[in-house]
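Peer 1:
Structure below.
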């Protein structure tokens, strides 16, 4: 085979690879927050890695409040890969509309965490994989995972501890985005007839620290955890009330109390 023929063959292979990568990056995972999605061009890219930093164990819930609605947008299985038992609440997952039928929890030792994640991310399932561990990945390890997601179209999310005092140079980033999500004081709700305001919706301080091909940003986000009631509260309470007794008849509890008193 001549040199020109080899060059043409290589160019054809490169063209096919570019088409495959373009297809794998065509989808976006919406965050559910319009301001964030507009800034990111519709949401987080699939076929990429995204980094969520947890500054304190108490802030894990804030990161999950941002991450779980994103996972809900996926169309394939969700793998939760961790070096410790996954502390996930079944009712919380149900409230986030995540089906247990699509969730696979994998516990592995710390030394095997990234190799297991790489195997999952190379799979054909169009999966979402959360990698929760204490290990800080090196640039070489992240590049390997990047090659895996680019080839398969799967999407990976790092969920790991990174204190605020940690120097940025000690924690290199080769992911498509890097986030730090913190709790933020809620806005009080003032209702007529109440002297003191009630706590408002949960709020998050969402910092987009880095984004490939874009600008960092910061938002204060309201998280509406509860849907409006389908009917008035007094109707719900009346529906749950015990049936009314005929006039002159005592309830079982009242009859027992009278019997003990000898009346």
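Residue numbers (the numbering used here): 209 to 471. From the three backbone atoms N, C-alpha and C, an ideal C-beta is built for every residue, glycine too.
In three-state DSSP terms, what is residue 258?
Peer 2: Walking along the chain shown from the start, residue 258 turns up at place 50. Of the three classes helix, strand and coil, the one that applies to residue 258 here is strand, per DSSP.
Peer 1: In chain order, what residues of the same chain lie with their CB nearer than 6 Å to the CB of residue 419, ignoring the 5 residues before and after it?
Peer 2: As a working mapping, residue 419 is identified with position 211 in the chain shown. Scanning its chain for C-beta atoms nearer than 6 Å, with the 5 sequence neighbours on each side dropped, one finds around residue 419 the residues 385, in chain order.
Peer 1: Could you tell me the distance, in whole angstroms, from the CA atom of residue 298 to the CA atom of residue 345?
Peer 2: Along the chain shown, one-based indexing puts residue 298 at 90. Along the chain shown, one-based indexing puts residue 345 at 137. About 29 Å.
Peer 1: Between which residues of its own chain and residue 406 is the CB-CB distance below 6 Å, once the five residues before and five after are set aside?
Peer 2: Taking the chain shown and counting its residues from 1, one reaches residue 406 at position 198. These residues qualify, in order along the chain: 397.
Peer 1: Using CA coordinates, which residue listed in 429, 421 and 404 is at the minimum distance from residue 414?
Peer 2: Stepping through the chain shown from its first residue, residue 414 is reached at position 206. Taking only the C-alpha atoms, the option nearest residue 414 is 429.
Peer 1: Is the beta carbon of residue 259 closer than 8 Å to that of residue 366?
Peer 2: Here residue 366 refers to the residue found at position 158 of the chain shown. Here residue 259 refers to the residue found at position 51 of the chain shown. A contact, by the Cβ cut-off of 8 Å.
Peer 1: Roughly how many angstroms separate the alpha carbons of residue 350 and residue 403, rounded to a whole number?
Peer 2: Counting from one through the chain shown, the residue named residue 350 turns up at place 142. Counting from one through the chain shown, the residue named residue 403 turns up at place 195. If you take the alpha carbons of residue 350 and residue 403, they lie about 54 Å apart.
Peer 1: Which of the three DSSP states is assigned to residue 316 in this structure?
Peer 2: For the purposes of this step, residue 316 is taken as the residue at position 108 of the chain shown. Coil.
Peer 1: Buried or exposed for residue 308, going by 16 or more other Cβ atoms inside 10 Å?
Peer 2: Within the chain shown, the letter at position 100 stands for residue 308. Burial call: exposed.
Peer 1: Please name the residue, chosen from 358, 237, 370 and 394, that lies closest to residue 331 on a Cα-to-Cα basis.
Peer 2: Numbered from its first residue, the chain shown carries residue 331 at position 123. Closest option to residue 331, Cα to Cα, is 358.
Peer 1: When you compare only the Cα positions, how much space is there between residue 325 and residue 401?
Peer 2: The residue labelled residue 325 in the question sits at position 117 within the chain shown. The residue labelled residue 401 in the question sits at position 193 within the chain shown. C-alpha separation (whole angstroms): 54 Å.
Peer 1: Comparing the CB of residue 252 with every heavy atom of the ligand SAM, is any distance shorter than 7 Å?
Peer 2: Ligands displayed in this structure: none; no statement on the ligand SAM is therefore possible.
Peer 1: Using the three-state DSSP reduction, which class does residue 347 fall into: helix, strand or coil?
Peer 2: For this step, residue 347 is matched to residue 139 along the chain shown. In the structure shown, residue 347 sits in a helix (DSSP, three-state: H, G or I).
Peer 1: With distance defined between alpha-carbon atoms, name the residue in 249, 290 and 343 nearest to residue 328.
Peer 2: Stepping through the chain shown from its first residue, residue 328 is reached at position 120. Nearest option by C-alpha distance: 290.
Peer 1: By DSSP's criteria, residue 289 is part of a beta bridge. Which residues make up the other side?
Peer 2: On the chain shown, residue 289 is found 81 positions in, with the first residue counted as 1. Its beta-bridge partners are 314 and 339.
Peer 1: Are the CB atoms of residue 354 and residue 334 within a distance shorter than 8 Å?
Peer 2: Taking the first residue of the chain shown as position 1, residue 334 is located at position 126. Taking the first residue of the chain shown as position 1, residue 354 is located at position 146. Taking 8 Å as the Cβ cut-off, residue 334 and residue 354 do not qualify as a contacting pair.
Peer 1: Quick one: Cα of residue 410 to Cα of residue 394, how far?
Peer 2: By one-based count along the chain shown, residue 410 stands at place 202. By one-based count along the chain shown, residue 394 stands at place 186. If you take the alpha carbons of residue 410 and residue 394, they lie about 6 Å apart.
Peer 1: What separation, rounded to the nearest whole angstrom, lies between the Cα atoms of residue 300 and residue 277?
Peer 2: By one-based count along the chain shown, residue 300 stands at place 92. By one-based count along the chain shown, residue 277 stands at place 69. Each residue's alpha carbon lies about 12 Å from the other.
Peer 1: Is there contact here, the region 235-251 with the region 271-286, by at least three beta-carbon pairs under 8 Å?
Peer 2: yes
Peer 1: I'd like to know whether the C-beta atoms of residue 237 and residue 295 end up nearer to each other than 8 Å.
Peer 2: Here residue 237 corresponds to residue number 29 of the chain shown, with the count starting at 1. Here residue 295 corresponds to residue number 87 of the chain shown, with the count starting at 1. In this structure, residue 295 does not lie closer than 8 Å to residue 237 by Cβ.
Peer 1: In its own chain, which residues sit with a C-beta less than 8 Å from the C-beta of residue 316, not counting the 5 before and 5 after it?
Peer 2: The count along the chain shown starts at 1 and reaches residue 316 at position 108. Closer than 8 Å at Cβ, skipping near neighbours: 289, 290, 291 and 324.
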